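Written out below as structure tokens is the structure these notes cover.
Residue numbers (our numbering): 53 to 1012.
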């Protein structure tokens, strides 16, 4: 165990839990096998399982946790998003995990600064600053998923920020909680003064270290020299030469301290300009030497970023959609630079592009240097660059891990360093290693697969790391950790890079802040020379669907169950552990057998029942892993005995939907007789007694849909263009909401809109019997899902005359499910795409004087329709609100009724963002039920908004 000085008593963690139960609920004190395993896993290749995971809601609770740990001598580790790579966020003691309560933010000084709590995702901070044309300085590749607490605690930098705009350079103030529970707010003069009095020994000790360091000319110069480069190895010793005030030193030492000196509860950043005009080029060069020389030539140029990728890195992404075809034809030894140029206006951007082009006039490139301003291609280049690490991990052999190291060379020696590294990889048997990185800073990442199970593999890895450390840290005077933090991974090499004098200085800093060594012990500083070779994470085969996952955590921020149970990464972690235990076969016994049984039992709810299987995780995963497919496969195996029931439901689907409408009518009667509160109480009791088999009634459950409208004869004059309208089973069941100003069902709205636009509407035969199959697929009933899709395919071919006419289906998730399952001659669109292509050209639209909210469904995100949905709403209303950090609503077909807590958790915070809106709009009827419930405003089909804002387009010469 990573202990402080003496090992704690075996029951110390349970005693701490009992103490904390007096101030926080049991659900935020976690010690069961499933969640300690999954919550304790980060993106590194280390595995430690915490004894207790604590989720404090505020500073006072966190201080109480620290006090309890201090009394018992229990080490404690802080965790934000868990995307760190060096093992700094894992522990086998107490893990403090930041969730709700740590996402506060405040934009200051008209965007010139921003105050953030550590649970705010980096991209969210930039979203808040975007209206002011500014952003935070750090821009790590994981900015869409990593949190501000980790960005600051690791001094993470990234593509564009270099050393000038990292957290160390842009921090204005912070609130800090130290190991002894003291709270310091560096922005508050009274807090600073009180701290100087209460912690004079610490403040004066830091000032003394600063004076000693500055008086030591050789050491001071070494520190200044090393921080010309990106450097996160050890503590921020530059604070001792940059400042002489103890509190300023403390503030800057906290940056990059990886939770070993204290906890940053709030940080205020000075922001930087986000130049709006952007262009990028992927420049191919014949060899690494030429590539490095080009990088050096670009150093003084007006570029925002220069990213280097060697041939192996390019090969790992050459088959990605949208990549230049010529990528596959590049010769061995070739390399590329991704060059980003930005400007405040078009003229400035153009001038800078011309300056960059001029540099390449004397450099041999394999293809002409061509910059793109096109947003889609620009974003594709960066998405691929940011996904290189996970993409490489995905092509490794199953069962192996992927190692990423992060070094920096003086840029003037970059070409030498690259060649030396490459030679070292080959000599130690790592020919598949790839190189990429932030070339302008001499910052390189090298990535390679590594197995630790076979004899000799740990020794081979150690030999490589010993040589790399000597090569980079000593021979080239570079940084062994440029931006990923020291963690456990590089802690044994800190003294080698810095030398004994500076290393001793770091230990003195640690002793001043944390004399009992309770804060993240063994991270950054360790006396254990083999720490980096211990507690290595197993990655056993679990299922081909997810075996390529490297547990990076990029998926977590879009998962609707992220604050309720597990995220996609955590579901995979648990699946792997269960697979590992199952593989032990007859040798599994005792505690491990009991543990497996408990994991299976708890996974049923946390892993399966609360998974929306929306697949949003795949949109964020660099290799497209859809964890929902894993869960559906598990459901298929578990629910196989119910296949006959699924078949009966599918073969009598009209009766099933009639029954559902009858239940809605019955609920309407109950609502009238018992009232909302009474019906909710009765329904809740029935749901509990049935073990969740009977859905929970909710106040926004709508009226039954009037399916008779589908039987009315369409307008026809022999001239109108024809369109096939397929109403989904959800819209054939759920009608208008009770008390909603929009009293029409989606079917009525859609028919009205299509006729207004001049279409002759064709409804397929037997519409009440048809279903795309998604409802069965999500339950793991794949055979019946396939049968229903084939039925629908047959009827749509007939109705559309083999694809002659376009088809509108009013529910976005159904359309996504149909893709790849229907005849390729059929063109099926959901409301947003259909409106843009077929309705807007036929209608005159006048924006309504309303403020409306838009919910972009997960299926719309999958189909790339988010921006088009918002654009449609903006064409129809004065103001449009798109709530931040609301991804999938979690209603997931019937989950909102059978597992309502998933819907509630996914939409937490929605009401505060849409409270002043007149109504909300989406393109999925079931989603709209949950959105109405938790948003506090009625949510309707986006077609309703378009219908209300539009009228038939006048023909030329026609008068009103």
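Cβ coordinates follow ideal geometry from the N, Cα and C atoms, glycine included. These numbers were taken from a predicted model, which means no experiment stands behind them.
Secondary structure of residue i, DSSP reduced to three states
| i | result |
| --- | --- |
| residue 974 | strand |
| residue 55 | For residue 55, the predicted model reports a pLDDT of 45, less than 50, meaning its position is unreliable; a value from the coordinates is still stated below. Residue state, collapsed to three classes: coil. |
| residue 335 | strand |
| residue 532 | coil |
| residue 584 | helix |
| residue 70 | helix |
| residue 777 | strand |
| residue 387 | strand |
| residue 358 | strand |
| residue 903 | strand |
| residue 833 | coil |
| residue 945 | coil |
| residue 229 | strand |
| residue 698 | helix |
| residue 795 | coil |
| residue 871 | coil |
| residue 1012 | Low per-residue confidence applies at residue 1012: pLDDT is 45, beneath 50, and the placement is therefore not dependable, though the value from the model is reported in the following sentence. Coil. |
| residue 538 | coil |
| residue 425 | coil |
| residue 1000 | helix |
| residue 217 | coil |
| residue 497 | strand |
Pick from the options that is closest to residue i, judged by C-alpha positions
| i | options | result |
| --- | --- | --- |
| residue 839 | 807, 264 and 873 | 873 |
| residue 999 | 960, 927 and 651 | 927 |
| residue 918 | 938, 903 and 218 | 938 |
| residue 921 | 944, 678, 977 and 993 | 993 |
| residue 950 | 307, 748 and 144 | 748 |
| residue 680 | 738, 370, 621 and 583 | 621 |
| residue 485 | 756, 435 and 502 | 502 |
| residue 256 | 900, 81, 560 and 411 | 560 |
| residue 576 | 309, 127, 898 and 736 | 309 |
| residue 89 | 363, 159 and 630 | 630 |
| residue 199 | 523, 149 and 235 | 149 |
| residue 529 | 277, 390, 191 and 289 | 277 |
| residue 796 | 344, 725 and 754 | 754 |
| residue 945 | 781, 314, 774 and 294 | 781 |
| residue 851 | 374, 814 and 764 | 814 |
| residue 456 | 450, 436, 449 and 488 | 488 |
| residue 982 | 941, 975 and 671 | 941 |
| residue 671 | 507, 915, 695 and 903 | 915 |
| residue 549 | 167, 517 and 800 | 517 |
| residue 514 | 960, 733 and 476 | 476 |
| residue 582 | 810, 541, 344 and 595 | 541 |
| residue 239 | 896, 283 and 320 | 320 |
| residue 96 | 117, 116, 140 and 81 | 140 |
Contacting residues, own chain, Cβ-Cβ under 6 Å from residue i (five flanking each side not counted)
| i | result |
| --- | --- |
| residue 340 | 387 and 470 |
| residue 205 | 310 and 311 |
| residue 931 | 903 |
Contact set for residue i: own chain, Cβ-Cβ below 7 Å, skip 5 residues either direction
| i | result |
| --- | --- |
| residue 728 | 751 |
Residues near residue i in its chain [Cβ-Cβ closer than 8 Å; skip 5 each side]
| i | result |
| --- | --- |
| residue 771 | none |
| residue 480 | 512, 515, 516 and 519 |
| residue 265 | 271, 272, 275, 289, 292, 293 and 557 |
| residue 54 | Note that residue 54 has pLDDT 48, beneath the 50 cutoff, so the model's placement of it is unreliable and the number below is only indicative. Closer than 8 Å at the Cβ level, and outside the excluded window around residue 54, lie 100, 127, 143, 144, 145, 573 and 574. |
Checklist line | Residue ranges of each beta strand (DSSP E) within the segment 134-168, 3 or longer | finding: 146-149, 157-160 and 165-168
Notebook entry, point to check: Touching or not, the segment 466-474 and the segment 411-427, by the rule of three or more beta carbon pairs under 8 Å?
Noted result: no
Check: Should the segment 686-694 be called in touch with the segment 633-646, which here means at least 3 C-beta pairs below 8 Å?
Finding: no
Next item on the list: May I have a chain-ordered list of the beta strand (DSSP E) segments no shorter than 3 residues that lie completely inside the segment 448-490?
Entry: 453-460 and 486-490
Note to self: Give the list of continuous alpha helix (DSSP H) stretches no shorter than 4 residues that lie fully inside the segment 611-648.
What the structure shows: 620-635
Note to self: For the segment 554-570 against the segment 599-613, do three or more pairs of beta-carbon atoms, one drawn from each stretch, fall closer than 8 Å, so that the two count as touching?
What the structure shows: no
Check: Unbroken alpha helix (DSSP H) runs of length 4 or more, entirely within the segment 236-294: which are they?
Finding: 241-250, 252-267, 269-278 and 290-294
Notebook entry, point to check: Is the segment 863-879 close to the segment 819-838, with three or more CB pairs under 8 Å?
Noted result: yes
Margin query: My parser needs the beta strand (DSSP E) runs of 3 or more residues fully inside the segment 368-413; what are they?
Written below: 387-395
Item checked: Contained beta strand (DSSP E) runs [length at least 3] in the segment 797-857, N- to C-terminal order -> 811-814
Item checked: Contained alpha helix (DSSP H) runs [length at least 4] in the segment 180-214, N- to C-terminal order -> 200-205
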